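Going by the working numbering, the first residue of the sequence shown is number 1, and it counts up by one from there. Where a beta carbon is used, it is the ideal one built from N, C-alpha and C, also for glycine. This structure is a prediction, so every number in the text was calculated from the model and none was measured.
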Amino acid sequence: MTSDGRVIIVSNRLPFTVRADDDSVTVTAAAGGLANGLRAFHEDGDSLWIGWPGDASSIPRSRRTAVTRHFHDRRIVPVHLGHAEAKAYYEGVCNGVIWPLFHYLTDRIPIDPCEWTAYREVNERFAAAIAREYREGDVVWIHDYHLLLVPGLLRARLPKAAIGFFLHIPFPAADVFRIVPWRREILAGVLGANVIGFHTSDYASHFTDAVRSLTAFEITENTVYVNDHPVEVGVYPMGVDAASFTRMADDPQVVAEYKGIATSHQQILLGVDRLDYTKGILRRLLAYERLLRDNPALRERVRLIQVAVPSRDCVASYQRFRQELDELVGRINGDHGTLDWTPIRYLHQSVSPTQLVALYRLADVMLVTPLRDGMNLVAKEFIASRADGDGVLVLSEFAGAARELPEAVSVNPYDIEEMAARLKDALTMEMPDRRRRMAALRQRVAAADVYSWAATFLRDVGDAAVGNRRPTAARGYEGRLANDNLAAVIPSALRLM
Ligand code: F6P
């Protein structure tokens, strides 16, 4: 890798969504951790971003040149997919099978998932697009479960390229991964990378366990030897753009928004999630209901604001989940509300960045209670937004972030009774304890932000590609910074720290 090489970011979802009608073209920021987390990184650097722009069939012919120009200006290379192909790949395999299975929710998988050919073909298409754009010295950074075959397909085309792969969702225990019908092909695909990154050491060791049990490749510590190609497996917990959230917290628009919704007589519990069955929203609401039932004095003195951002609404299991959630919110509000008070304020919509940070500032207690989550950046965004040093984070022990944030109030989202008790603890926590915990959390989130995450990962990919092996203990990081000497090994555009 040369110092003037670019980073080619590759992901299914692009950081922007472009919509066009006969009159105009609008560009909006895409939702989701990956897109949000890496958008600023991309804008500040000189990277190229390759991804699927969504269904282009609705774009009028007269607007296609303008749309292409928007992508070009933002250094984005779209990979267009046909409607049926996208449906089979994105809805069928990615979100119909891999997503639930990697989150241990095997009962959500359809009985006969038969769209694997589409997944393979789309991955081929991405590999071909990367190979077209690639220049010697570039580092290719492939993201997430949509593109598990791409590292291997690309390695076949570019044997010497520096390729990193990062998985943003959990890698399940080897015994669960074995359920995947295409398990060996997936492993072979991912192992085309020089470095494979995970958010936690559990996910990394699940991966090496799977390689051990399903292949004959030799493994020493954190390196898998695919014939003569060493593949490093590392732990890189993703962070957020902490400084920017902290800055926004004092922005006059955020303060005005916050003052508009704040009430002096109610404590606010807050949930902000994509509308996804892995996020634990149903059980969270049941715990809140239990809290109200067990503590009648809290009625009219607390309120839960739940934002559920629309997501994957073409997938049948998401449509069913939305219905279940609507019904539960209606039932709890109907059973427990009064003429003056609605216990749950439920918003099924996106909120603007200003509203989001205002909500984070407003919350007395932030509820991040997924059943399983790769990392969960909402928890870190909340912490970064609490420049006032107050607020309590209630965090599921099954979120990747739990390892790094021990000062949060930890809950098992499957234990409703315990969760209700922890909510009460959080609501009644004394101010010195709240501030002590938040100070520690803020330090961690500020120290390990998205920029240091990206730089550390890219440094390791660069090193691995030129055979400069780092001692195992220094590969990746977990809960510590390892940013020494980055300038020497990462492309100039990425020296953002
Ligand atoms: O968590 C995995 C992930 O790919 C995130 O990066 C992102 O937040 C989310 O899923 C978005 O999903 P989708 O692209 O299907 O809207």
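Within its chain, find whatever has a CB closer than 6 Å to the CB of residue i; leave out the 5 residues flanking it on each side and keep chain order.
i, result
"ARG178", "none"
"ASN65", "For the record, residue 65 in the displayed sequence is Thr; it is not Asn. So no residue of the chain qualifies."
"ALA242", "ALA384, VAL445, ALA446 and ASP449"
"MET375", "HIS199, MET238, GLY400 and ALA401"
"THR246", "ALA384 and ALA387"
"PHE41", "ALA454"
"THR17", "THR28 and ALA30"
"TYR318", "ARG312"
"PHE166", "HIS143 and GLY197"
"VAL272", "VAL307 and VAL378"
"ARG274", "VAL309 and SER311"
"GLN267", "VAL302, ASP364 and LEU427"
Pull up the DSSP beta-bridge partners for residue i, would you.
i, result
"SER11", "Answer is none; SER11 lacks a bridge partner."
"GLY271", "GLN306"
"TYR346", "GLN306"
"TYR225", "GLU218 and PRO230"
"TRP141", "ILE9 and GLY164"
"MET366", "LEU270 and LEU393"
"VAL357", "BP columns for VAL357 are empty, so no partner."
"VAL180", "According to DSSP, which records beta bridges pairwise, VAL180 is partnered with nothing at all."
"ALA399", "ASP373"
Near residue i, what residues of its chain come up, given a Cβ to Cβ distance below 8 Å and the 5 sequence neighbours on each side ignored?
i, result
"CYS94", "ASN12, TYR119, TYR145 and HIS146"
"ALA379", "MET366, VAL368, LEU393, LEU395, ALA399, ALA401, LEU405 and ALA408"
"SER350", "ALA31, VAL309 and PRO310"
"GLY234", "VAL195, ILE196, GLY197, PHE198, ALA204, ASN222, PHE457, ASP460, ARG475 and GLY476"
"ILE261", "ALA358, LEU359 and LEU362"
"VAL254", "MET248, THR354, VAL357, ALA358 and ARG361"
"ARG435", "GLY389 and ASP390"
"ASP276", "SER311, ARG312, TYR318 and PHE321"
For residue i, report the span of its alpha helix (DSSP H) as first-last.
i, result
"MET438", "431-447"
"SER47", "From DSSP, SER47 is part of no alpha helix (DSSP H); its letter is neither H nor E."
"VAL190", "183-190"
"VAL67", "64-73"
"VAL461", "450-465"
"SER317", "316-336"
"VAL240", "Segment: none, VAL240 is in no alpha helix (DSSP H) and carries neither H nor E."
"ARG299", "Where ARG299 is concerned, there is no enclosing alpha helix (DSSP H), given that its DSSP letter is neither H nor E."
"LYS424", "416-428"
"ASN95", "Careful: ASN95 lies outside any alpha helix (DSSP H) and carries neither H nor E."
"ASN468", "No alpha helix (DSSP H) holds ASN468; DSSP gives it neither H nor E."
"ALA56", "Here ALA56 belongs to no alpha helix (DSSP H), and DSSP marks it neither H nor E."
"TYR119", "116-133"
"ARG108", "Per DSSP, ARG108 belongs to no alpha helix (DSSP H) and is neither H nor E."
"ARG386", "ARG386 -> no alpha helix (DSSP H), and no H or E assigned at all."
"TYR288", "281-294"
"TYR258", "252-261"
"VAL150", "150-157"
Could you check where the beta strand (DSSP E) with residue i kicks off and where it finishes?
i, result
"ALA20", "16-20"
"PRO514", "The shown model of the chain, from 1 to 497, leaves out residue 514, and the question about it has no answer."
"PHE502", "Residue 502 falls outside the range modelled here, since the chain spans only 1 to 497, and no answer is possible."
"ALA86", "Counting along the chain, ALA86 falls outside any beta strand (DSSP E), though it belongs to the alpha helix (DSSP H) covering 83-86."
"THR28", "25-29"
"VAL409", "409-411"
Going by beta carbon distance, what residues of the same chain come within less than 7 Å of residue i, once the five residues before and after it are set aside?
i, result
"MET429", "VAL392"
"ARG372", "HIS103, TYR104, PRO170, THR278 and PHE398"
"GLY5", "GLY137, ASP138, VAL139 and PRO491"
"ARG61", "none"
"GLY280", "THR369, PRO370, LEU371, SER396 and PRO413"
"LEU520", "With the chain covering only 1 through 497, there is no way to say anything about residue 520."
"ALA473", "Any answer about ALA473 is weak, because its pLDDT of 48 lies below 50 and its placement is not dependable; what the coordinates show is given next. Same-chain partners within the cutoff: there are none."
"THR342", "ASN333"
"PHE217", "VAL211, VAL224, TYR225 and VAL226"
"LYS424", "LEU291 and ASN295"
Give a yes or no on whether the minimum CB-CB distance between residue i and chain B is below 8 Å.
i, result
"ALA86", "No chain B appears in the structure shown, which is made up of a single protein chain."
* Looking at C-beta atoms only, is the number of pairs between the stretch 361-368 and the stretch 331-343 that lie closer than 8 Å three or more? -> At 8 Å Cβ cutoff, the stretches do not touch.
* Asked: Contact between the stretch 115-132 and the stretch 146-158: three or more CB pairs below 8 Å?
  -> Touching, yes, given that three or more Cβ pairs across the two stretches are closer than 8 Å.
* Can you find at least 3 beta carbon pairs, one from the stretch 162-174 and one from the stretch 199-206, that sit closer than 8 Å? -> The stretch 162-174 makes contact with the stretch 199-206, as at least three CB pairs between them are under 8 Å.
* Please determine if the stretch 305-324 and the stretch 342-356 are in contact, where contact requires at least 3 C-beta pairs separated by less than 8 Å. => A contact exists between the stretch 305-324 and the stretch 342-356.
* Could you tell me whether the stretch 122-140 touches the stretch 72-81, where touching means 3 or more Cβ pairs closer than 8 Å? => Touching, yes.
* Tell me, please, whether the stretch 223-236 touches the stretch 312-326 by the rule of three or more beta-carbon pairs shorter than 8 Å. => No, the stretch 223-236 does not touch the stretch 312-326.
* **At least 3 beta-carbon pairs within less than 8 Å: the stretch 417-433 vs the stretch 285-296** => Yes, they touch.
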